[in-house]
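Worksheet for the structure shown next.
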Amino acid sequence: MAEESAIRLAKLNKIKQAKLNPYPAKAKRTNTCQEMLADFAKLKGREISLVGRIYAIRSHGGSTFVQVQDGTARIQAYLRRDILGEDKYKSFSSLDMGDFVQLTGKLFTTKKGEKTLEVSDYSLLTKSLKPLPEKWHGLKDVEERFRKRYLDLAVNPEVRKRFELRSAMIEKIRQILITKGYMEVDTPILQTIYGGGFAKPFKTHHNALDIPLYLRISDELYLKRLIVGGFEKVFEFCKDFRNEGIDLSHNPEFTLLEIMTAYQNYEFSMDLVEEIYLQTAQEVLGGTEIEYQGQKINLERPWKRLTMVESIKEYTGADFTIGDSCDQVREKALKLGLDKEELAMFQTTGEMIAYIFEEKVEEKLIQPTIIYNYPVETSPLAKKCADDPRFVERFEHFIIGSEAGNHYSELNDPVDLRQRFVEEKKKEQSGFDEAHQTDEEFIEAIEHGMPPVTGIGIGIDRMAMLFTNTNSIKEVILFPTMKPKGDDGHRLTSTADRNKTLLTKSQKMAKVNLSLTRDDAFALLKEHLKDEKNILHSRETEVIMRALAKKLGEDEELWAVTGLLHDLDWEETQDKPAEHGKVTADILRAQKFPEVGINAIQAHSYEYNKVIERQTKLDHAVACAESITGLIFASALVHPDKKLANVKAKSLKKKMKDKSFAAKVSREMIGECDQLGLSLDEFIELSLKAMQEISDELGL
Numbered sequence: 001m002a003e004e005s006a007i008r009l010a011k012l013n014k015i016k017q018a019k020l021n022p023y024p025a026k027a028k029r030t031n032t033c034q035e036m037l038a039d040f041a042k043l044k045g046r047e048i049s050l051v052g053r054i055y056a057i058r059s060h061g062g063s064t065f066v067q068v069q070d071g072t073a074r075i076q077a078y079l080r081r082d083i084l085g086e087d088k089y090k091s092f093s094s095l096d097m098g099d100f101v102q103l104t105g106k107l108f109t110t111k112k113g114e115k116t117l118e119v120s121d122y123s124l125l126t127k128s129l130k131p132l133p134e135k136w137h138g139l140k141d142v143e144e145r146f147r148k149r150y151l152d153l154a155v156n157p158e159v160r161k162r163f164e165l166r167s168a169m170i171e172k173i174r175q176i177l178i179t180k181g182y183m184e185v186d187t188p189i190l191q192t193i194y195g196g197g198f199a200k201p202f203k204t205h206h207n208a209l210d211i212p213l214y215l216r217i218s219d220e221l222y223l224k225r226l227i228v229g230g231f232e233k234v235f236e237f238c239k240d241f242r243n244e245g246i247d248l249s250h251n252p253e254f255t256l257l258e259i260m261t262a263y264q265n266y267e268f269s270m271d272l273v274e275e276i277y278l279q280t281a282q283e284v285l286g287g288t289e290i291e292y293q294g295q296k297i298n299l300e301r302p303w304k305r306l307t308m309v310e311s312i313k314e315y316t317g318a319d320f321t322i323g324d325s326c327d328q329v330r331e332k333a334l335k336l337g338l339d340k341e342e343l344a345m346f347q348t349t350g351e352m353i354a355y356i357f358e359e360k361v362e363e364k365l366i367q368p369t370i371i372y373n374y375p376v377e378t379s380p381l382a383k384k385c386a387d388d389p390r391f392v393e394r395f396e397h398f399i400i401g402s403e404a405g406n407h408y409s410e411l412n413d414p415v416d417l418r419q420r421f422v423e424e425k426k427k428e429q430s431g432f433d434e435a436h437q438t439d440e441e442f443i444e445a446i447e448h449g450m451p452p453v454t455g456i457g458i459g460i461d462r463m464a465m466l467f468t469n470t471n472s473i474k475e476v477i478l479f480p481t482m483k484p485k486g487d488d489g490h491r492l493t494s495t496a497d498r499n500k501t502l503l504t505k506s507q508k509m510a511k512v513n514l515s516l517t518r519d520d521a522f523a524l525l526k527e528h529l530k531d532e533k534n535i536l537h538s539r540e541t542e543v544i545m546r547a548l549a550k551k552l553g554e555d556e557e558l559w560a561v562t563g564l565l566h567d568l569d570w571e572e573t574q575d576k577p578a579e580h581g582k583v584t585a586d587i588l589r590a591q592k593f594p595e596v597g598i599n600a601i602q603a604h605s606y607e608y609n610k611v612i613e614r615q616t617k618l619d620h621a622v623a624c625a626e627s628i629t630g631l632i633f634a635s636a637l638v639h640p641d642k643k644l645a646n647v648k649a650k651s652l653k654k655k656m657k658d659k660s661f662a663a664k665v666s667r668e669m670i671g672e673c674d675q676l677g678l679s680l681d682e683f684i685e686l687s688l689k690a691m692q693e694i695s696d697e698l699g700l
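Going by our numbering, the sequence shown opens with residue 1, and the numbers climb by one from there.
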């Protein structure tokens, strides 16, 4: 690559020395490549000009064939020495594949029957200094394709077609809605209060106003304000942002179609969702049958519709009703093979029924299916069913065994709404960081009166995945969110700092001389911590840190003692979180404890003390180890026999996803195990095993 670039740079200098401009501001084009191919007979014999990128060059003595592609198609061009002249023809050797050119000439057909432009003149539009990958084989790495989407688009026509289809899909949906009298609107992306969903937001700061702002997680509350203002049909293709995990179906930045319709309920929305899918497929795919990952999907209306309770009975044979007691529902669920430990987490029949549906029914909903009437416990902001307030007027549509949209009749009772915000506030205070925020301005708007409204939310990215037969959301987002290559994800102050950080992450830390033995450290711990729960938490962190060090080949004593002492000042600073870690640093410096361990202890509470950002492996290890102890401990407590030995890694993985379980446990800090080169599965299994080895000491 470096040698190729050097050759191209030399050609560029040669072009400049000849007083030619390798980067002109504009070009002349009379026709696109597609027009030349489609209207060949009409254009044949006329002088025409095309522009595009060179994709292939084949020279044979005094003639050269090139393949040129613009934004519409690819066509062959033919250059001859006797037509261009010796100097002009020779100068073409300064051009390479990947360069942009303007070609002028006349169309003809070769002996092989290929439509071709015979070139009478050419000019260079852009000299490229790096070559394109050699077709698809030069860009096989999936991560590289996403990072360098411009190359992916340039060399892979299927990728280009995929995004053209996505664009056509969005345009067709827009036409459907506008034809029905809906108005497209724009609502704020930067919001002073985030709402409209359960999610953790991205936070920023406005300097002039000196206030915190959030990237929206939904535009729902602003669309409802427009309904209050008198608009009856509104929609928005909105960019939403959620500071959460990344997987095959989730990206932190995504596109959501939100639709609000006044004077209708969720039954109207069911029809509209079906119509949107059907008409869009007919327009952009030419039919209503889609092949997705080997499955034939038929979008013809009407779709199958079942209540959640009906769906469980149809797909499992078991009859569950809200009227059953918790024990009755749990007993039936156990007969279906569901996990006893998981079922023990739920306190209401509604929560258990929703769980049974997710575990036993959802993956079976291959053809388009609408599941409606959800238990009220799972849908706090949807309007209750008039004939049975144990359920709400909410539905989700499922395709290929996965939820593809969430919709419901909107709550417009301001008294009920305020009370539900109060309940959400209680969740937030208990540590649930995805609770709905209390939006007083929104409540005030509803108090002025909002008519009956039904709302639709369709994930455009997931719909595009279905329509383009792709199993990763990154394949349908032009520039998906990626961690910078070779970057630890932190904003460092200098190149030296960056290099230092990368070094500490990629190399093992040299062993250090501890000023404290492990027994000395434990004695020091007991001097400063009196609550047995805090001492046990320190022990839990210690054993996980030792296990991590052993697996990673690091200094076991340094890592274990650092973990043991990470909360040394907790009982002194728990009411002064900004001091947490700072007091420990002073104590340990007096003991001549290694600075690398002191830094890791301060870094684990960076969110509070703002002293040292986590950079080294040891920093991240303390953060994820002390965080996961809470998840494991809580899982043992809800286990039917309260035995840590019987807690399974599989169960912990599920609880990681349930943000309401052990809500104060930071999933983000647990996720920092990836900075150690460990997958979440590996880290969970290692940590669980380490704590199980001291289960008797923990009383579990």
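Just so you know, even glycine gets a beta-carbon here, dropped at the ideal spot from N, CA and C. Because the structure is a prediction, the values reported are computed rather than measured.
Taking DSSP's pairing of strands, which residues face residue i in a bridge?
i	result
Cys-385	Asp-388
Gln-191	Tyr-214
Phe-395	Tyr-372, His-407
His-60	Ser-63
Phe-235	Glu-184, Ile-259
Phe-241	Glu-253
Lys-115	Thr-109
Gln-69	Arg-53, Arg-74
His-639	According to DSSP, His-639 bridges with nothing at all.
Ser-123	Gln-102
Under the rule that 16 or more other beta-carbon atoms within 10 Å means buried, what is residue i, buried or exposed?
i	result
Gln-347	exposed
Lys-659	buried
Ser-218	buried
Pro-577	exposed
Asp-327	exposed
Gly-113	exposed
Val-422	exposed
Ala-18	exposed
Thr-110	exposed
Glu-3	exposed
His-604	buried
Glu-532	exposed
Arg-667	buried
His-537	buried
Find the nearest neighbour of residue i within the set the options, judged by alpha-carbon distance.
i	options	result
Lys-657	Cys-673, Leu-680, Tyr-315, Val-647	Leu-680
Ala-25	Ala-663, Thr-126, Leu-336, Glu-440	Thr-126
Glu-571	Thr-481, Asn-534, Leu-548	Asn-534
Thr-349	Ser-325, Gln-367, Glu-359, Glu-341	Ser-325
Ala-600	Val-622, Leu-588, Asp-586, Lys-582	Val-622
Glu-134	Ala-154, Phe-146, Val-142	Ala-154
Ile-371	Glu-358, Pro-380, Leu-381, Phe-231	Glu-358
Leu-466	Lys-364, Phe-398, Phe-65	Phe-398
Pro-380	Cys-238, Ile-400, Asp-416	Asp-416
Lys-172	Gln-279, Asn-406, Lys-239	Gln-279
Arg-418	Ala-445, Glu-396, Glu-220, Ser-402	Ala-445
Ile-694	Glu-579, Ile-632, Ile-670	Ile-632
Asp-461	Leu-223, Ala-382, Leu-525, Phe-163	Phe-163
Glu-184	Leu-190, Met-97, Arg-174	Arg-174
What separation, rounded to the nearest whole angstrom, lies between the Cα atoms of residue i and residue j?
i	j	result
Arg-703	Leu-129	A question about residue 703 goes unanswered here, because the residues of the chain that appear run from 1 up to 700.
Val-142	Lys-148	10 Å
Arg-216	Val-234	18 Å
Lys-500	Gln-76	Reliability of the predicted coordinates at Lys-500 is poor, the pLDDT of 40 falling under 50, and the value obtained from them is presented with this limitation in mind. So the two alpha carbons sit approximately 52 Å from each other.
Ile-628	Gln-282	49 Å
Thr-187	Gly-405	20 Å
Val-309	Leu-564	49 Å
Tyr-214	Gly-195	10 Å
Ser-743	Tyr-23	Past the boundaries of the shown model lies residue 743; the chain is included only from 1 to 700, so the question cannot be answered.
Phe-391	Arg-74	57 Å
Gly-671	Glu-554	20 Å
Gly-61	Val-476	44 Å
Ile-272	Ala-382	Correcting the residue type first, residue 272 is Leu in the shown sequence and not Ile. Their backbone Cα atoms lie some 19 Å apart in a straight line.
field: Contact between the region 475-483 and the region 245-261 (3+ Cβ pairs under 8 Å)
entry: yes
message: Within 8 Å, do at least three Cβ pairs link the region 226-240 to the region 201-210?
response: no
field: Given 8 Å, three or more beta-carbon pairs between the region 453-468 and the region 404-411
entry: Verdict: yes, contact present.
query: Touch check for the region 333-347 and the region 267-277: three-plus C-beta pairs under 8 Å?
result: no
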